[in-house]
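Going down the list, the sequences are from chains R and D.
Under this note's numbering, the first residue of the first sequence carries the number 152, and numbering increases by one thereafter.
Under this note's numbering, the first residue of the second sequence carries the number -4, and numbering increases by one thereafter.
Think of the CB as a built atom: it goes at the ideal place given N, C-alpha and C, for glycine as much as any other residue.
Quick notes on the structure that follows.
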Amino acid sequence: MSPPLPASDEIEAIIAPYRNAEGPLLPMLHAVQDAFGHIPETAHRVIAEALNISRAELHGVISFYHDFRSQPAGRHVLKICRAEACQAVGGAALADATLKRLGLEWHGTTRNGAVTVEPVYCLGLCACAPAAMLDDRVLGRVDDARMTTLLAEAGA
Amino acid sequence: MKVYVPMDSAAKALGAEAVVAALHAAARDAGIALELVRTGTRGMIWLEPLVEVEIDGLRHGYGPAAPEDAGAILDGTSQKALGPVEELDWMARQTRLTFARVGVIDPLSLEDYVAHGGLAGLRRALGMTGAAIVEEVTASGLRGRGGAGFPTGIKWKTVHEAQAPQKYIVCNADEGDSGTFADRMLMEGDPFTLIEGMVIAGLGVGATRGYVYLRSEYPDAIRVMRRAVEIARKERVLGADVLGSGRAFDMEIRVGAGAYVCGEETSLLNSLEGKRGVVRAKPPLPALEGFLGRPTVVNNVISLATVPVIFEKGAQHYADFGLGRSRGTVTLQIAGNVARGGLFETAFGITLGEVVEGLAGGTASGRPVKAVQVGGPLGAYLPASKFDAPLGYEELDAKGGLLGHAGMVVFDDTADMMSMARFAMEFCAIESCGKCTPCRIGAVRGVETIDRIRQGDGEAVPLLRDLCETMKDGSLCALGGLTPLPVESVLDHFADEALPRREAA
Ligand SMILES: Cc1cc2nc3c(=O)[nH]c(=O)nc-3n(C[C@H](O)[C@H](O)[C@H](O)COP(=O)(O)O)c2cc1C
Ligand code: SF4
Ligand code: FES
Chain R
152 MSPPLPASDE IEAIIAPYRN AEGPLLPMLH AVQDAFGHIP ETAHRVIAEA
202 LNISRAELHG VISFYHDFRS QPAGRHVLKI CRAEACQAVG GAALADATLK
252 RLGLEWHGTT RNGAVTVEPV YCLGLCACAP AAMLDDRVLG RVDDARMTTL
302 LAEAGA
Chain D
-4 MKVYVPMDSA AKALGAEAVV AALHAAARDA GIALELVRTG TRGMIWLEPL
46 VEVEIDGLRH GYGPAAPEDA GAILDGTSQK ALGPVEELDW MARQTRLTFA
96 RVGVIDPLSL EDYVAHGGLA GLRRALGMTG AAIVEEVTAS GLRGRGGAGF
146 PTGIKWKTVH EAQAPQKYIV CNADEGDSGT FADRMLMEGD PFTLIEGMVI
196 AGLGVGATRG YVYLRSEYPD AIRVMRRAVE IARKERVLGA DVLGSGRAFD
246 MEIRVGAGAY VCGEETSLLN SLEGKRGVVR AKPPLPALEG FLGRPTVVNN
296 VISLATVPVI FEKGAQHYAD FGLGRSRGTV TLQIAGNVAR GGLFETAFGI
346 TLGEVVEGLA GGTASGRPVK AVQVGGPLGA YLPASKFDAP LGYEELDAKG
396 GLLGHAGMVV FDDTADMMSM ARFAMEFCAI ESCGKCTPCR IGAVRGVETI
446 DRIRQGDGEA VPLLRDLCET MKDGSLCALG GLTPLPVESV LDHFADEALP
496 RREAA
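So this is what it looks like as structure tokens:
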């Protein structure tokens, strides 16, 4: 069951505060994604018109950035750091074990829609690695036991 | 009873919130009136969550604290007592100039900030001409802390002399390098310092608007910086009339979108303008044609956050620290497999060995150190034989290393160095902006070639070397141009790992 598509006026209201900003596009895209969990198709036309850019150009920008989604993620997003400092203390093994346990590849979502697992390249928690982030919550020195608790909390 | 607990993300990641809740509960049970102040972190991450209790005006540390320690911490019987925090070896040995207030004050209290020397630099700068401000920064010897080490004063001078109806100060807070967290720690622990530095930069070059481009991976830093900007505006540190001087400067926090390459300054400017974050060819320099084509100072968080102390204490005071052409202090970030990880601010010139063996106390695993990657994902893996290298831009360069943003990631002897080389190529392939073929395609070939080597194909080693040369020669920016550095350092220093199968045969 997917939520109804947002109406154009809803999107217009969300992007309105940024219309006069210098370089308004990224703030608009973030605002839309914060509201809907992704950048819905309807938003493309509204934003392109507001900024007087082509939809192709807009698509080019959206697709350049890892953060922007065209589809909603799971109810929770688990980001696991893949970068060097985390690798130095077993981060890669932790990530592999987590993905394997959930039967997912990177960017995949559990079948019950609870958790999407994303790679991230450094969370600035390199002195308490391996690091992860569940939604906006930062986690350091994550081991298998901690990961089990987290996944259970998230309903994976 | 006054108690301090960090709200820095590293402290939170290690359970600070649960400790705060336990302290409140324990105080209630014991009938103690608790005044709990949230601070940044002191940077001793292995001690986080580090609770500090004020006793006779001195802050005593307890850490790493768990919720069950709360009662004993409050009644002074805890086994986790460390003594006065400022007297701990890690703190006493530092020269905290840029990070003087981090971990000490409530990051969002402007009153606290001012009580600890905040705004003194700005007040002095308000009495100076733009040219004199630029001259002061030049005299301090400050070089960009974002990686390239470019003299900040020279950059400012270019922008100062440019004629334009609008100029900008852009702070690079993209901090994408693994092993680095100084920018995050500063923004979460002392945001007004960055704001003050940006205002001084604006006065110096004649810019009235600023942006902080802050990576989306740092939600806590984003919240603190946004709140700090609101407070600064309300208290007239920002706005049309900075501290009643009649001079204007205002700024905004902008959030990145998960692209490493957007830390490169021209890619960052494109991103800030709402475009794809592709790298721009230079010239034109951003100093002349930067954000929206206007003269723009792009500086790293630590570069800008160091400006207030230079104005508070004088350029000479700052320049008196350091080694050779690296003046002032370096904010070392010690990470990975270390017994003691965290941030350590000290004069340039300390050796890599002193950092790894002395400060960090070797590995967390207790095994021998095999390699240290200095300067992020584009930095070399250095073996123990290079530990005598003094940490300065030129000095480390002479040893085949790169100081970069001064992150050091330590690996023990179980590390698979060829897999680290592979990761360097893989990361470049994932994060390439796509503009140059040697970077975009070369990095993918690099991964394949390393896979061949790991399967025992010795002929692939010269191919990998050639590929590295091609990437170095044909890349517009340091992502493609320096990814070969970690890869070649593995081939050079850990050659026996390049062909495991064949050796076994
Ligand atoms: C791929 C790449 C990524 C970079 N990432 C950052 C970064 O995250 N933060 C930063 O301050 N500089 C980064 N830089 C360096 C910037 O291009 C630029 O030199 C710096 O922002 C200038 O500020 P500074 O002189 O104060 O160091 C990066 C450079 C490259 C090539
Ligand atoms: S080297 Fe790579 S990241 Fe840099 S400009 Fe070229 S393609 Fe883009
Ligand atoms: S490398 Fe994983 S948090 Fe920095």
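Item, Value
"Nearer than 8 Å: is that true of the beta carbon of E259 of chain D relative to any heavy atom of ligand 5?", "For the structure depicted, ligand 5 is absent and the ligand set comprises only ligand 1, ligand 2 and ligand 3."
"Taking 8 Å as the limit between beta carbons, can you name the residues of its chain near L137 of chain D, skipping five residues before and five after?", "P146, T147, G148, S298, T301, V302, I305, Y313, R322, G323"
"Say whether the segment 431 to 445 of chain D touches the segment 276 to 283 of chain R, bearing in mind that this needs 3 or more beta-carbon pairs closer than 8 Å, one atom from each stretch.", "no"
"For Q184 of chain R, which of helix, strand or coil comes out of DSSP?", "helix"
"Here's a check: name, in chain order, each residue in its chain whose Cβ is nearer than 7 Å to the Cβ of S360 of chain D, leaving out the five neighbours to either side.", "N332, D407"
"If the cut-off is 7 Å on Cβ atoms, which residues from the segment 4 to 35 of chain D count as contacting chain R, listed in chain order?", "S4, A5, K7, A8, L9"
"Comparing the C-beta of T175 of chain D with each C-beta of chain R, is any distance below 9 Å?", "yes"
"Determine the contact status of V350 of chain D and F339 of chain D, defining contact as a CB-CB distance below 9 Å.", "yes"
"With M284 of chain R as the anchor, note down where its beta strand (DSSP E) starts and where it stops.", "283 to 285"
"Which whole-angstrom value describes the C-beta separation of L180 of chain R and I213 of chain R, a residue pair presumed to lie in contact below a C-beta threshold of 8 Å?", "7 Å"
"Buried or exposed, going by whether 16 or more other CB atoms sit within 10 Å of the CB of H258 of chain R?", "exposed"
"In the DSSP assignment, what residue or residues form a beta bridge with T326 of chain D?", "D:E340"
"What residues of chain D sit near P223 of chain R, judged by a beta carbon separation below 9 Å?", "Neighbours of P223 of chain R on chain D: none; closest Cβ ~17 Å, over 9 Å."
"Residue range of the alpha helix (DSSP H) that R449 of chain D falls in?", "432 to 449"
"Got a sec: is the Cβ-Cβ distance from M152 of chain R to anything in chain D below 9 Å?", "Because M152 of chain R sits at a pLDDT of 45, beneath the cut-off of 50, its placement in the model cannot be relied upon, and the point is left open."
"Give me the residue from D:V456, D:E130, D:E483 with the minimum Cα distance to Q311 of chain D.", "D:E130"
"Let me know if E225 of chain D comes out buried or exposed under the rule of 16 or more other beta-carbons within 10 Å of its beta-carbon.", "exposed"
"Where does L53 of chain D land, buried or exposed, given buried means 16+ other C-beta within 10 angstroms?", "exposed"
"One question on the structure: do Y272 of chain R and G475 of chain D come within less than 9 Å of each other, judged by their Cβ atoms?", "no"
"Quick one: what does DSSP say T291 of chain D is sitting in, helix, strand or coil?", "strand"
"Which residue's Cα is closest to the Cα of L287 of chain D: D:E307, D:A95, D:T261?", "D:T261"
"Measure from the alpha carbon of Q368 of chain D to the alpha carbon of each residue in D:G387, D:A393, D:A401, then state which is nearest.", "D:A401"
"Which ranges would you report for the beta strand (DSSP E) in the segment 245 to 318 of chain D if only whole runs of at least 3 residues count?", "245 to 250, 291 to 295"
"Note down the Cα distance separating W41 of chain D from P160 of chain D, rounded to an integer number of angstroms.", "49 Å"
"Residues of chain D with CB under 9 Å from L301 of chain R, in chain order?", "Going along chain D, no residue has its Cβ under 9 Å from L301 of chain R, so there is no contact; the nearest lies around 12 Å."
"Between the alpha carbons of G39 of chain D and S73 of chain D, how many angstroms are there, rounded?", "Note on residue identity: the sequence assigns Met, not Gly, to residue 39 of chain D. Distance between the alpha carbons of M39 of chain D and S73 of chain D: 19 Å."
"Please report the Cβ distance between V48 of chain D and V(-2) of chain D, rounded to the nearest whole angstrom; I am assuming they are in contact, meaning their Cβ atoms lie under 8 Å.", "5 Å"
"Where does A493 of chain D sit, in a helix, a strand or coil, going by DSSP?", "coil"
"Would you say L290 of chain R lies against chain D (beta-carbon separation less than 9 Å)?", "yes"
"Can you have a look at K162 of chain D and say buried or exposed, based on whether 16 or more other CB atoms are within 10 angstroms of its CB?", "buried"
"Would the beta-carbon of G242 of chain R be found less than 8 Å away from any heavy atom of ligand 3?", "yes"
"I want to verify the contact list: residues of chain R whose CB lies under 7 Å from the CB of A473 of chain D, in sequence order.", "None at all; the shortest Cβ gap to chain R is about 16 Å."
"Count the other C-beta atoms from every protein chain shown that fall within 10 angstroms of the C-beta of N295 of chain D, then say buried if there are 16 or more, exposed otherwise.", "buried"
"Rounded to whole angstroms, what is the Cα-Cα separation between E443 of chain D and L477 of chain D?", "19 Å"
"Note down, in chain order, every chain R residue with its Cβ under 7 Å from the Cβ of E170 of chain D.", "G275"
"Could you give the DSSP three-state label for P372 of chain D: helix, strand or coil?", "helix"
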